[in-house]
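Trainee: Per this note's numbering, the very first residue in the sequence shown carries number 60; after that it's consecutive.
Mind having a look at this structure? Questions to follow.
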Amino acid sequence: MCDLALRTTIDQPGCTGTAWGFAKENPRVFVLLAGWDVIKSRNRFTNTEAYGVSTLPFKQGITVSEVTAYEFKQR
Numbered sequence: 060m061c062d063l064a065l066r067t068t069i070d071q072p073g074c075t076g077t078a079w080g081f082a083k084e085n086p087r088v089f090v091l092l093a094g095w096d097v098i099k100s101r102n103r104f105t106n107t108e109a110y111g112v113s114t115l116p117f118k119q120g121i122t123v124s125e126v127t128a129y130e131f132k133q134r
């Protein structure tokens, strides 16, 4: 399920990489990561049909969900 969602994400313009794994603190929690060239690319993706389809499996049966965006700048 995670691989399918991230496969859709990696094909989006501006996506620089994806990964997933389980939280060390709680192995019942999994984390999906996606890197973007700029936050605008991520925001554009969230307004597409592909985003809706790729997140649908997580909306069913998930009791808590959180999305966080961080912008990193090179020194």
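Where is the CB? At the ideal position from N, CA and C, for every residue including glycine.
Just so it is clear, the structure is predicted and the values come from calculations on it, not from any experiment.
#1: Taking C-alpha atoms, which residue in ASP62, PHE131, ARG134 and THR105 lies nearest to VAL90?
#2: Between the C-alpha atoms of GLU130 and ARG101, what's the straight-line distance to the nearest angstrom?
#3: Which of helix, strand or coil does DSSP assign to PHE117?
#4: What is the rounded straight-line gap between the Cα of THR114 and the Cα of ASP70?
#5: Determine the DSSP secondary structure at GLY111, reduced to helix, strand or coil.
Mentor: Taking the geometry as given:
#1: Within the sequence shown, residue 90 is the residue found at index 31, counting from 1. That would be ASP62, whose Cα lies nearest to the Cα of VAL90.
#2: For the purposes of this step, residue 130 is identified with residue 71 of the sequence shown, where counting begins at 1. For the purposes of this step, residue 101 is identified with residue 42 of the sequence shown, where counting begins at 1. Between GLU130 and ARG101, the C-alpha separation is close to 11 Å.
#3: Numbered from its first residue, the sequence shown carries residue 117 at position 58. PHE117 carries a helical assignment under DSSP once its states are collapsed to helix, strand and coil.
#4: Here residue 114 refers to the residue found at position 55 of the sequence shown. Here residue 70 refers to the residue found at position 11 of the sequence shown. Near 15 Å, if we compare the C-alpha coordinates of ASP70 and THR114.
#5: The residue labelled residue 111 in the question sits at position 52 within the sequence shown. It is helical.
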